[in-house]
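2 protein chains.
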Amino acid sequence: MLDWDFRGNLDMQPEGPLYMRIVGALSEGIRTGRLRPGVALPGTRRLAESLGVHRSTVLAAFRELVSEGVLEARPNQGTYIAEVSGPSEPGAAVCSSPAVQAPRLAHPRRVRSQAATLTLSHLPCGADFPSVPLARAYRRAIGRHASDVLDYANRTGDGSTFGMLRLREALAEMLSRTRGLPLAADNLLVTNGSQMALYLIAHTIVTPGDVVAVECYGYQPVWEAFRLAGAKLVPIPVDGEGLCVDRLQELAKRTKIRAVYVTPHHQHPTAVTLSPSRRRNLLAVAESENITVIEDDYDCDFAYDGRSVLALASAETEAQVIYVGSLAKVLGPGPRIGYTVAPPAVLASMARRRAFIDRQGDHALSYAVAELLEEGHLRRHVQRLYGVYRGRRSALAHALRSELGGVVTFDVPRTGTALWGRVAPGVDVERWQARARERGVHFHVGRSFAFDGKPCPFARFGYASLDEDKLRIAVQRLVSALPRPRSSTRPVCDVL
Amino acid sequence: MLDWDFRGNLDMQPEGPLYMRIVGALSEGIRTGRLRPGVALPGTRRLAESLGVHRSTVLAAFRELVSEGVLEARPNQGTYIAEVSGPSEPGAAVCSSPAVQAPRLAHPRRVRSQAATLTLSHLPCGADFPSVPLARAYRRAIGRHASDVLDYANRTGDGSTFGMLRLREALAEMLSRTRGLPLAADNLLVTNGSQMALYLIAHTIVTPGDVVAVECYGYQPVWEAFRLAGAKLVPIPVDGEGLCVDRLQELAKRTKIRAVYVTPHHQHPTAVTLSPSRRRNLLAVAESENITVIEDDYDCDFAYDGRSVLALASAETEAQVIYVGSLAKVLGPGPRIGYTVAPPAVLASMARRRAFIDRQGDHALSYAVAELLEEGHLRRHVQRLYGVYRGRRSALAHALRSELGGVVTFDVPRTGTALWGRVAPGVDVERWQARARERGVHFHVGRSFAFDGKPCPFARFGYASLDEDKLRIAVQRLVSALPRPRSSTRPVCDVL
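Those protein sequence lines, which keep their order, are chains A and B. Under our numbering, think of the first position of the first sequence as 6, with each following residue one higher. Under our numbering, think of the first position of the second sequence as 6, with each following residue one higher.
This is the structure in structure tokens:
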């Protein structure tokens, strides 16, 4: 209990009577598992003192929670987090947005529901996931392959630091079918998510001091992986056609560029697809300037107009293209399955370092995912999600247009699970985000993705984690959270 | 099929008629999953040509395998690997030593059994593993915690880059109970095995050029992790009391030592426990010379005389001790669960880098292992293994003494799952190993563990992976494989 940051949790509660905020903070702590059943709470006097509130406020909060069965008052002992009465049902699994998770309490229905925070995330949520087939696949993996699951990879024929052969075969088949990459298992390295792939790529191709070009909006953890390898990162602007290849070319005239890291299918986070002419130019520049192209195909599964753009890596080119992908957008980011397609020498070097990082991936997961791929579960799941996400995309786009037409302008994304909007100059995006949080809705501001970390008039609204009704409620909350317009100030950064 | 190294597999077959070696090579390829059901074999003419044998030899091998149901001759089409008729039963899981695995074939019992290679490994094998509780724990993990299993760690309260809270709590409880380390969950970082822990530690504490002292016999992948961080490694001799601390002290007089990496409980690979006076001296030197002690407690679970030596990290000292352990010797090395106990700043720095390597561990595995720990399964499993391994230790020691008394001398290990023997001067250890392989038994030579990589008159015989009968058979094979004694040459390296 004492390790738990009560004050911090209290500050994050929505506005309301102080005693109800204490109720909310404790409920949240219990729900997230930070406060576990059977743990003793500090005395009300001490707690009141440490929070700087009157003791009667704490007493009121405790009474409320005892009446709900969340806390338990033990005579002459003190107040405790109530014990769990029994396991929740598998069916109780709900979206991962914190406040809509099933509480692990004696009487879930009687727990005071806070205003459930709706997170506009681009990542799938648990409720959309086929957990029954996954659980079955795990059981089979352990039952049929106990030795492999429990052993080092290289003691058995069916795995190696490149990843389990059977999983590589299934992934190769998937990528041949969906991404125009005619592969064999040996062209693939499987890693714990694409993050590990990019960490390994960075440490394989970068010599400290090398310049690596990146998109000026992107994903910070990948940039950090390149920095850890000693790369000097240079941001290249992104516009409505994707990476500004002419700017890359200009840079190449001035300095040797070792590699360029791009998200051509669906630029992260702006959702722009690299235009055909830019694709050609990028490969031409890479070829002539000897720049390795690192293609992160992180979000290729949902092309709503039916025209999926093939991977850069599938093009006829003399340029070296290293292709990276993951199942995070299909399986969720939890099961860490990423893959790299690259020339044999690059893969071998990656595998060598990987052996000294964690030796091998998770065999049980590898078998389970291989089975989901082989039996078509994953393909059917993607097809189902495709329909679901298309509906959510329309619902969100429609709600934003009708409720926030003057505030957010955007193109409906052709692919992916998030929408990138330009916010009207009069609106302070960061203030809007803070006020939205208070009103129970969360979205990302452009700044989170900006290389320079400066405020910019953009916001990102994901639609993977909420159903259509919740998306509409989220937009209503966004409306209610809108700050009063500022006097017109120019946006600080305005690339797109 | 074409990717498969037929020639290489053929060369690895035991001596015998050529057609039977082809049978063996194909069986092996199918068993290990390299050759999958339904795959077409090349024509007999082409295969014979590429192997440089007469076609009738290949035909004989194919006939044999067709008669066994391993291959399938399809009229006018060719010869195929037979389809699997049905899943093998969970109970069919056997030891992971390649040749005793259950074949994934239509008629397992009719597959010609090769001379099963017996591997004298210090790692547990699948047959000893409680796979039913593990499968159940996975099912519950996915059923009850689908959202967490599928999500990023930091979006839920129950996980972080430090590892899942619930698992850290269970591990903290275990280490408090068994290793004299009174911990809370916050003192622990969970990683994908101890290899990742040591990679992160190396990158946290080492500045390129720093000297790190290591035992002169040890585990190469850990040394490599330190080298990748830029460390200069200096080997310190090991004798019958463990690390020669006076030699460490001498080194410290000459050069600044950043850290020393040790395996005090059960030196890897020599099985020696660091003596009490050396423990005291090591901590004293570390304190006075400001050397960080990295304690790898990799094999602390089986103290056969009932006196488990506490971890160095549990001692009263001003020295900085970083403690690393894993569940590899209990759960097998497949489920990647390692943990580090270290000062908060070290853990925080490790977690920061980890976020850029693979972001988080496997949540399904974390929940499953937490449950096995919480419900006492793992403790009971260790108790059971303790009895099993004690019996195997005696069986191996007895067989070696009676059959190879003049060849191998050793102390019966007080802990762990392997025995380190000095081999008589007249015996060429590497030749013995090669001949033993041909006769179906595998052990490690001392050279594999030597920092200088030079031959030395030692061998390591693990007893975790074979039952007592198989251990006795293994020793008989060792006897039959003994090379004729050389004329007396002095051993090249002779530290112990």
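Backbone N, C-alpha and C define an ideal beta-carbon position, used for all residues, glycine too.
Does residue i get closer than 9 Å to chain A when you measure Cβ to Cβ?
i	result
Glu321(B)	no
Ser152(B)	yes
Tyr328(B)	no
Val12(B)	Residue identity differs from the one stated: residue 12(B) is Arg in this sequence, not Val. With 9 Å as the cut-off, Arg12(B) does not count as an interface residue toward chain A.
Arg489(B)	no
Arg482(B)	no
Leu15(B)	no
Arg389(B)	no
Ala104(B)	Reliability of the predicted coordinates at Ala104(B) is poor, the pLDDT of 31 falling under 50, and no value is obtained from them.
Can you tell me whether residue i is buried or exposed? The criterion is at least 16 other CB atoms within 10 Å of its CB, across all chains shown.
i	result
Arg284(B)	buried
Ser470(B)	buried
Arg489(B)	exposed
Gly245(B)	exposed
Pro349(B)	exposed
Arg79(A)	exposed
Thr345(A)	buried
Gly366(B)	buried
Gln225(A)	exposed
Gln438(A)	buried
Asn81(A)	exposed
Asp306(B)	buried
Ala189(A)	exposed
Asp10(A)	exposed
Arg395(B)	exposed
Since residue i meets chain B, which of its residues come closer than 7 Å, beta carbon to beta carbon?
i	result
Gly337(A)	Leu155 and Asp156
His368(A)	Gly339
Kindly indicate if chain B contains any beta-carbon less than 9 Å away from that of residue i.
i	result
Tyr468(A)	no
Gly421(A)	no
Tyr394(A)	no
Ile299(A)	no
Ala140(A)	yes
Tyr204(A)	yes
Glu174(A)	yes
Arg26(A)	no
Arg440(A)	no
Leu170(A)	yes
Arg41(A)	yes
Kindly indicate which residue of the options has the alpha-carbon position closest to the one of residue i.
i	options	result
Arg427(B)	Arg436(B), Thr420(B) and Asp416(B)	Asp416(B)
Ile86(B)	Arg39(B), Ser55(B) and His271(B)	Arg39(B)
Gln254(A)	Val216(A), Ala291(A) and Tyr222(A)	Ala291(A)
Arg419(B)	Gln325(B), Thr209(B) and Arg398(B)	Arg398(B)
Pro240(B)	Ala455(B), Phe463(B), Arg12(B) and Tyr468(B)	Ala455(B)
Cys249(A)	Leu193(A), Lys258(A) and Val219(A)	Val219(A)
Val265(B)	Val217(B), Leu125(B) and Leu401(B)	Val217(B)
Ala257(B)	Gln225(B), Ser280(B), Ile296(B) and Gly235(B)	Ile296(B)
Ala356(A)	Gly247(A), Thr212(A), Asp191(A) and Ser313(A)	Asp191(A)
Asp215(A)	Ala207(A), Cys221(A) and Ser485(A)	Ala207(A)
Ala30(B)	Asp16(B), Gly43(B) and Pro42(B)	Asp16(B)
List the residues of chain B whose Cβ lies closer than 8 Å to the Cβ of residue i, in chain order.
i	result
Gly198(A)	Asp363 and Arg364
Tyr143(A)	Ala140, Tyr143, Arg144, Ile147 and Ala369
Strictly below 8 Å CB to CB, what residues from chain A border residue i?
i	result
Phe134(B)	Ala151 and Leu155
At 7 Å on the CB atoms, spell out the chain A contacts of residue i, in chain order.
i	result
Gly235(B)	Neighbours of Gly235(B) on chain A: none; closest Cβ ~11 Å, over 7 Å.
Going along chain A in order, which residues have a C-beta closer than 9 Å to the C-beta of residue i?
i	result
Cys130(B)	Ser152, Leu155 and Asp156
Ala360(B)	Gln200, Pro226 and Glu229
Open item on the list: If we require 3 or more residues per run, which beta strand (DSSP E) segments fall completely within the stretch 460-488 of chain A?
Closed with: 463-467
- [ ] Quick one: which unbroken alpha helix (DSSP H) runs of 4-plus residues sit fully inside the stretch 117-205 of chain A? Chain order, please.
- [x] 136-149, 151-155 and 170-184
- [ ] Report the residue ranges of all alpha helix (DSSP H) runs contained in full by the stretch 305-337 of chain B; include only those spanning at least 4 residues, in chain order.
- [x] 333-336
Task: Length at least 3, wholly inside the stretch 35-90 of chain B: the beta strand (DSSP E) runs in chain order - done: 76-79 and 83-86
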